Amino acid sequence: METIEESMNGELQLPEVIIQHIQSYLDRRQSGQTTVLSKSWYSAWSTRPILDFDERDFESKRNAGVSGLQIAERFTVKRRFAKFVTRTMQRYHELNLKIEDFRLWIWVTDSDSASVVNEFITRALKLRVSNFSLEIGGCYWWYVLPVQVFEAKSLVKLSVSGCKIDHGVTICSNIESLSLCRVFIRDYMIRDIMLGCPLLEKLHLSECNGLSNVNLSELHNLKKFSVTKCLWVDNRSFIGNRVNVPKYGKLSCLMLEQVQIDDFFFHDFSLKFPCLEDLSLHQCYGYNNIEISSRSLKYISLIHEDELNKAKFEVSRICKFKFTGSSIPSLSFMTPSREYESYISFTFTSRDNVLGDCWFYDLKKFLTELSPSRISLSITMFLDKSKYCVGNDGGHPIPVVENLMIKIHPSAWLWSAVFDDVFWSCRPKFITFCDDDDDEYIFKTGMVLCTFLVPQASQDCSGKFSYMNDLEEVNVEFFEETLKEWQPLLPWKVFLSSSKFKENKKQFRFGLKWRAC
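Residue numbers 51 to 567, in our numbering, belong to the letters of the sequence shown in order.
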């Protein structure tokens, strides 16, 4: 085993394998910059098992991107880049070095540039690469991925972006992870790949064209499956019309984005996915109700832009629940009373709706279902004066929210009333401002909160805002970057009226203490 030795000048000399391990956590430029530290760092970098080439690094910042290059300059860039890659890989070949990771980003605009890519791939496969990543810039129909890539026995992880796959039966017996992004591929080809990858554990499909049916019946070892923006793929294309328990016996993570889903997807959920722990449904469509019963799910993430009527969950092992939407569904969340985390985000636009007691009542019911959890709530409102109606309804316990982030547009005249209704719906412990909030919004909202949250600042607060009576104490805290912790700010009212308010707005929050309800 290599040991740490002391060099001639008294400095500690790290073993090459440790230096290369450190360099593996750096990007291309940072890793290259370590070569100036010493000869040993240069030697480690020049024989590292990770090769990462990007043609864009050879373009001037002034003309970054192929569209910004003149023909002569484009040719010069490609020639310099090809020479650098060829020289580097030739050195590895002469030293008989094996590479673990090979990453290539390159423009392909004609048959000549496609031939250059084929040459690089051939060299990489000869170096017995384990993890292969190829991303083609330009129109993906220019480049057809050679069949030799799938036939390489050394490959364990394959990621391809921006090309066409158009060849016969493939045998990729050792591939465990496959990612296809912006790839043109037919159904029969994806079927052949599935048959030829018996060890496949991770499969990711994103923005693939020519694909409508994904048959996963032969992937008995599949643990993670994700589909993103494949418009012609729906849930029945990979689930089928009947429950087949062995088919998904090992699947632990499922992520679907902009995929059509019907009610069948949720039927007998625990039978379809007996080991599923992580489920993400982002901007999917075709359904209005969700009903999931699972003993294995730990993480659920839902982003739903359309109208969602009902959502029912029976999840005994849940650890984290995320929901983002424009409407508040009727929620039923059944789980043992142990604590878990909930991250909820709603965006309300008054273009077609009236914001009033019904909306806040639905919000209150939604949060009440999640009361056993530590709730973080984010609300964004685009309000119209003519469509705001303050209501009143009592008699129900008020759920506690750990942290509230809220944005109200466009003017401040409704803020006080809206905050009062928000406090009727929930009891936030903290009101925090997002990092991307603009200075003007932070200042206006901070002053509104300052004037009506603190009784000393507003003598008639209790008469105007009924739920302010339950507020016992208000504090302001700032995040101290040096200590990496929140610090109380005193006297904070003086600070809010000063110029420093805007300068430190990213680390600003109100701490609220409420009477027991």
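For every residue, glycine included, the Cβ atom is placed at its ideal position computed from N, Cα and C. For clarity, every value in this text was computed on a predicted model and none was experimentally measured.
For residue i, count the other beta carbons within 10 Å of its own beta carbon; 16 or more makes it buried, fewer makes it exposed. Which is it?
i: THR220; result: buried
i: CYS258; result: buried
i: THR172; result: exposed
i: ILE68; result: exposed
i: TRP38; result: Outside the modelled stretch of the chain, which goes from 51 to 567, sits residue 38, for which no answer is possible.
i: LEU126; result: The sequence given here has Thr at residue 126, not Leu. Exposed, since its Cβ has fewer than 16 Cβ neighbours within 10 Å.
i: ASP242; result: buried
i: ASP313; result: exposed
i: ILE72; result: exposed
i: GLY187; result: buried
i: ASP318; result: exposed
i: LYS534; result: exposed
i: ARG79; result: exposed
i: ARG112; result: Low local confidence applies: a pLDDT of 49 at ARG112 is under 50, so the model's placement there is unreliable, and no value is given.
i: ARG568; result: In this structure the chain extends from 51 to 567, so residue 568 is not present and cannot be described.
i: LYS128; result: buried
i: GLU105; result: buried
i: LEU76; result: exposed
i: SER122; result: The identity of residue 122 in the sequence shown is Ala, whereas the question assumes Ser. Label assigned to ALA122: exposed.
i: SER262; result: exposed
Are residue i and residue j touching if we call contact CB-CB under 8 Å?
i: GLU522; j: LYS479; result: no
i: LYS273; j: LEU301; result: yes
i: LYS203; j: SER180; result: no
i: TYR349; j: CYS325; result: no
i: CYS247; j: ILE215; result: no
i: ILE149; j: LEU195; result: no
i: ASN271; j: LEU249; result: yes
i: SER428; j: MET455; result: yes
i: SER395; j: VAL365; result: no
i: SER423; j: SER380; result: no
i: PHE373; j: LEU352; result: yes
i: LEU499; j: PRO449; result: no
i: SER382; j: ARG367; result: no
i: LEU154; j: PHE108; result: no
i: GLY336; j: GLN310; result: yes
i: ILE378; j: LEU433; result: no
i: ARG559; j: PHE483; result: yes
i: ARG232; j: SER209; result: no
i: PHE410; j: ASP471; result: yes
Give the secondary structure of residue i by DSSP, where H, G and I count as helix, E and B as strand, and everything else as coil.
i: VAL167; result: helix
i: HIS254; result: strand
i: THR172; result: helix
i: CYS500; result: helix
i: CYS408; result: helix
i: PHE200; result: helix
i: LYS322; result: helix
i: LEU417; result: helix
i: VAL365; result: strand
i: ILE425; result: strand
i: ASP471; result: helix
i: TYR142; result: helix
i: LEU230; result: strand
i: LYS214; result: strand
i: ILE342; result: strand
i: ASN259; result: strand
i: ILE243; result: helix
i: ASN291; result: Its pLDDT being 43, under 50, ASN291 is placed unreliably by the model, and nothing is read from it.
i: ARG316; result: First, the amino acid is wrong: residue 316 is Phe here, not Arg. The answer is helix: DSSP assigns PHE316 an H, G or I state.
i: VAL127; result: helix
i: VAL264; result: coil
Which one or two residues does DSSP pair with residue i in a beta bridge?
i: PRO379; result: Answer is none; PRO379 lacks a bridge partner.
i: MET431; result: PHE398, ILE458
i: ASN181; result: ASP151, LYS207
i: PRO478; result: VAL451
i: ILE156; result: ILE186
i: TYR349; result: ASP328, LYS370
i: GLN537; result: PHE528
i: MET384; result: GLU364
i: HIS354; result: GLY375
i: LEU562; result: VAL524
i: GLN83; result: Answer by DSSP bridge pairing: none, since GLN83 is not bridged.
i: LEU304; result: PHE275, LEU329
i: SER392; result: PHE371, ILE425
i: ILE72; result: Bridge partners of ILE72: none, in fact.
i: LEU101; result: PHE152
i: VAL194; result: LYS214
Answer with yes or no whether the minimum CB distance from residue i to chain B is below 8 Å.
i: LEU301; result: Chain labels in this structure do not include chain B; a single protein chain is all it has.
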